[in-house]
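Undergrad: Here the sequence shown stands for residues 111 to 238, where the numbers follow the working numbering.
Backbone N, C-alpha and C define an ideal beta-carbon position, used for all residues, glycine too.
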Amino acid sequence: MVDNLRSRESVRRKALWTLSHLITGDPKAAAIVDVLDDIEGQERVDLNHSHPGIDIDAVREAVQIERHSSGISIVNEASIPQPWRERFLQASIGSTRLTVGPYAHDWEKFLAQWQAEMRHLDAHRSAR
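#1: Tell me which same chain residues have a C-beta within less than 6 Å of the C-beta of R197, skipping the five on either side of it?
#2: Residues in the same chain with beta-carbon distance under 8 Å from S183, minus the five sequence neighbours each way, listed in chain order, please.
#3: Mind listing, in chain order, the continuous alpha helix (DSSP H) runs of no fewer than 4 residues lying wholly within the segment 177 to 209?
#4: Whole angstroms is fine: what's the gap from T128's alpha carbon to G181's?
#5: Decide if V185 is buried, meaning its Cβ has at least 16 other Cβ atoms within 10 Å, or exposed.
#6: Inspect the CB distances between the segment 214 to 234 and the segment 132 to 143 and report whether three or more fall short of 8 Å.
#7: By the three-class DSSP mapping on this structure, what secondary structure does G211 have?
#8: Near R195, what residues of its chain come up, given a Cβ to Cβ distance below 8 Å and the 5 sequence neighbours on each side ignored?
#9: Can you check DSSP and say which residues form a bridge with I175?
#10: Could you pull out every residue in the same chain whose Cβ sits closer than 8 Å to the Cβ of L208, ignoring the five residues on either side in sequence?
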């Protein structure tokens, strides 16, 4: 399941990045939206077999932010429920972090970007 989740979120991340460069209604977006729709369908099946999905507001509440001795706020990575942890990890590849956890501001930026990406995806879906 973990490899499937990692692979799925990697594909989702690449599709969202590609979609972000297309204006609503661009015919090239249709194939990307189809990929994202397929991923969401797979996710619904997986979540029905394991646990119910958690929305962005609930995940924001669940995640623990701690003050590191350096004075920087970090995320307790283990407190991020799946599939959100893997989504964040895929979106953060190459980002700087402390060995004990990612920066809290990167987590907040990810959540804000996710919401913007979902609005952009919805706009593309509506334009089909």
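TA: So, from the listed chains and residues:
#1: In the sequence shown, the residue the question calls residue 197 occupies position 87. Closer than 6 Å at the Cβ level, and outside the excluded window around R197, lie E119.
#2: Here residue 183 refers to the residue found at position 73 of the sequence shown. I175, E176, R177, Y213, A214 and H215, listed in sequence order.
#3: 194 to 201
#4: One-based indexing of the sequence shown puts residue 128 at position 18. One-based indexing of the sequence shown puts residue 181 at position 71. Each residue's alpha carbon lies about 36 Å from the other.
#5: Indexing the sequence shown from 1 puts residue 185 at position 75. The residue in question, V185, is buried, as its Cβ has 16 or more Cβ neighbours within 10 Å.
#6: yes
#7: Walking along the sequence shown from the start, residue 211 turns up at place 101. Three-state result, G211: strand.
#8: As a working note, residue 195 is residue 85 in the sequence shown. The residues are E187.
#9: As a first step, residue 175 is located in the sequence shown; it is residue number 65 there, counting from the start. For I175, which the question treats as bridged, DSSP gives the partners V185.
#10: Mapped onto the sequence shown, residue 208 falls at position 98. So the qualifying residues of the chain are H178, S180, I182 and I184.
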